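Numbering (the working numbering), first residue to last: 112 to 342. Glycine included, each C-beta is placed from N, C-alpha and C at the ideal position. Being a predicted model, the structure only gives us computed values, none of them experimental.
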Ligand code: B12
């Protein structure tokens, strides 16, 4: 039952169907439950949020990526699929700790770096961090280094999480580290990076404190860094 539901979520992400009113990319599925309804159903049936995220929404988006790479899907298809994932995440959010003030663990400023518009992974990380008790300040996409550092200062955050999905924008992460250095804030703020083209080696190369492979790793490294002296 659980697998059946997550498989259906994957299928509907692939079809870019936010809800039952949407048609599909390949054919018209209107009237059948879409991602929002399926996620709700899974939650009602007690499927764990992590399972819905990993085996449903994330897996669906991964397959969309493969279809794009193989030339089967085009940019509009990626966009509709992304919207379907978002619709699912919206349904899940209250179950993961929600928008409420959760300042038990520490404050983290999250952003997708300048010139990068990908936010599904970052949003997932934000949701999971909130669920784990962090106070998350999400600055959104295409955020210049100066704005990120300004927000870290304003918010008094001890952590900053940066996301990049493009080879051409991952280098903008280094600007944030440099800006923190220039403002004399580097020793007070821990920098965590993530996103498909980044890696542990790249984190070291640009002077970041940690790399997180996925949303679960994000929680783990954020907790470790806090214990190691973040705010
Ligand atoms: C959806 C998508 C889009 C959507 C984005 C919609 C949105 N709201 O995000 C749209 C259509 C807008 C888009 C546009 C483009 N895209 Co695009 N896109 C993708 C796609 C298919 C999926 C990305 C995704 O959401 N993955 C699912 C999430 C859950 O995974 P994730 O982002 O990796 O995040 C996880 C981890 O990386 C990690 N993580 C992420 N951030 C962070 C941050 C921290 C702090 C931590 C710890 C962890 C962490 O945790 C997340 C959860 O587990 C990928 C293909 C792929 N296989 O990744 C291409 C891809 C990233 N895109 C690509 C390209 C080329 C583009 C365009 C340039 C296309 C074009 N010609 O216009 C534009 C660029 C726009 C821009 N300026 O940013 C390339 C990038 C190649 C490269 N390495 O440089 C890819 C890899 C596709 C390809 N193979 O060609 N894209």
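Requested in this report: At 3 residues or longer, and completely inside the region 280 to 313: list those beta strand (DSSP E) runs for me, N to C.
Outcome: Fully enclosed beta strand (DSSP E) runs of 3 or longer: 301 to 305.
Query - Residues of its chain near residue 235, where Cβ-Cβ distance is below 6 angstroms and the 5 sequence neighbours each way are ignored - result: 326.
Report task. Helix, strand or coil for residue 209, going by three-state DSSP, please let me know. Result -> In this prediction, residue 209 has a pLDDT of 49, which is less than 50 and means its spatial position is unreliable; what the coordinates show is noted afterwards. It is coil, neither helix nor strand.
Query raised in the report: When the Cβ atoms of the region 151 to 164 are set against those of the region 213 to 232, are three or more pairs found closer than 8 angstroms?
Result: Put simply, the region 151 to 164 does not touch the region 213 to 232. Fewer than three CB pairs are less than 8 angstroms apart.
Report task. Can you grab the Cα-Cα spacing for the pair residue 260 / residue 200, in whole Å? Result -> Distance from the CA of residue 260 to the CA of residue 200, rounded to the nearest whole angstrom, comes to 27 angstroms.
Query raised in the report: Considering only residues of the region 118 to 164, which uninterrupted alpha helix (DSSP H) runs meet the minimum length of 4 residues and lie entirely inside it, listed in chain order?
Result: You should have 146 to 155.
Query raised in the report: Which partner residues of residue 218 appear in the DSSP bridge assignment?
Result: Residue 218 is bridged to 246.
Report task. With DSSP as the reference, label residue 274 as helix, strand or coil. Result -> Strand.
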